[in-house]
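Below is one structure; the comments refer to it alone.
Numbering (this note's numbering), first residue to last: 11 to 293.
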């Protein structure tokens, strides 16, 4: 069975890597998403699942997050072609915020290299070094799935997410300020300081539409999804476009590989490309 898993994983990885390379922009980030999960039916139509997740950023040179989570779902409407499900989940995240440069102001300074002592413009700025910040996420979702036949299925899921960002102290901050007493133009005084970020709460509404196809004779389900998120108590627009496939092994083991492009106008996640690999077992 392990040889079969590795062969399928190798094929799926090579396919997605080719697609990623064709669409890669030098300004975009590239990360990996590795997940392990398990699910169990507690009662008919009532299911619990747990999952651990690791993501990378900065072209996979740094960790972006560690995640542990659990979800309880109940299928309250179950027919041959149409199902509806309600779900609730909780996740705890360890997020790494990468180094950030913040512009402060521009000053006019004497250019000592100019015989006529002209002036030059010098930018003053702060550099916040990378740090870790924890986050709690609680989700409540409602999904509907329509399967007109054995091959095709269409799903729409609406999810409200509550995110609590914890307070973080002792963040290293370097303040670069123009040194008026230095005879070399452009020299800075550098001051090291400690800053903190206050806790904050954010609500997001996510709408995800997924199309899935079952390949006849093979336990392979290719899928494509579009996910849009908007801030409810703040301004944010998040888009995720995903293509991938699920491969079922002996009914209880599922391997998932996907490629995703994501973009958003806040700082929750890096913009760019992601390659994901997941394994889930059903008890």
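The C-beta atom is built at its ideal place from N, Cα and C for all residues, glycine as well.
With 16 other Cβ atoms within 10 Å as the buried cut-off, status of residue 102: Against the chain shown, residue 102 aligns to sequence position 92. The residue is exposed, with fewer than 16 neighbouring Cβ atoms inside 10 Å.
Beta strand (DSSP E) runs contained entirely in the segment 78–110, provided each spans 3 or more residues: 92–107
Whole-angstrom distance between residue 108 and residue 140, CA atom to CA atom: Taking the chain shown and counting its residues from 1, one reaches residue 140 at position 130. Taking the chain shown and counting its residues from 1, one reaches residue 108 at position 98. Going from the Cα of residue 140 to the Cα of residue 108 covers about 4 Å.
Beta bridge counterpart(s) of residue 215 as assigned by DSSP: Here residue 215 is taken as the residue at index 205 of the chain shown, counted from 1. Per DSSP, 170, 240.
6 Å Cβ shell around residue 219 - same chain, five flanking residues per side excluded: What you label residue 219 is simply residue 209 of the chain shown in a count that begins at 1. Closer than 6 Å at Cβ, skipping near neighbours: 166, 236.
Delimiting residues of the beta strand (DSSP E) encompassing residue 292: Within the chain shown, residue 292 is the residue found at index 282, counting from 1. Where residue 292 is concerned, the enclosing beta strand (DSSP E) stretches over 282–292.
Reference residue 221; option with closest CA among 242, 256, 208: Taking the first residue of the chain shown as 1, we reach residue 221 at position 211. The candidate whose alpha carbon is nearest that of residue 221 is 256.
Between the CA atoms of residue 261 and residue 226 - distance to the nearest angstrom: Translated into positions along the chain shown, residue 226 becomes position 216. Translated into positions along the chain shown, residue 261 becomes position 251. So the two alpha carbons sit approximately 16 Å from each other.
Cβ-based burial, residue 214 [other Cβ within 10 Å; buried from 16]: What you label residue 214 is simply residue 204 of the chain shown in a count that begins at 1. The residue in question, residue 214, is buried, as its Cβ has 16 or more Cβ neighbours within 10 Å.
Residue nearest to residue 244 in terms of C-alpha spacing, selected from 172, 131, 176, 203: Against the chain shown, residue 244 aligns to sequence position 234. Nearest of 172, 131, 176, 203 to residue 244, Cα basis: 172.
Assigned exposure category for residue 75 - 16 Cβ within 10 Å defines buried: Position 65 of the chain shown, counted from the first residue, corresponds to residue 75. Burial call: buried.
DSSP-derived helix/strand/coil call for residue 41: Here residue 41 corresponds to residue number 31 of the chain shown, with the count starting at 1. Residue 41: strand per DSSP, three-state reduction.
Residue 39, buried or exposed, once every other Cβ within 10 Å from all chains shown has been counted against 16: Here residue 39 is taken as the residue at index 29 of the chain shown, counted from 1. Residue 39 comes out buried.
According to DSSP, residues forming a beta bridge with residue 199: Residue numbering aside, residue 199 sits at position 189 when the chain shown is read from its first letter. Bridge partners of residue 199: 187.
Residue interval of the beta strand (DSSP E) (run including residue 227): Locating residue 227 in the chain shown gives position 217, counting from the first residue. Residue 227 -> no beta strand (DSSP E), and no H or E assigned at all.
Proximity winner among 242, 110, 185, 80, relative to residue 212 (alpha-carbon distances): As a position in the chain shown, residue 212 is number 202, starting the count at 1. Comparing Cα-Cα distances from residue 212 to each of 242, 110, 185, 80, the minimum goes to 242.
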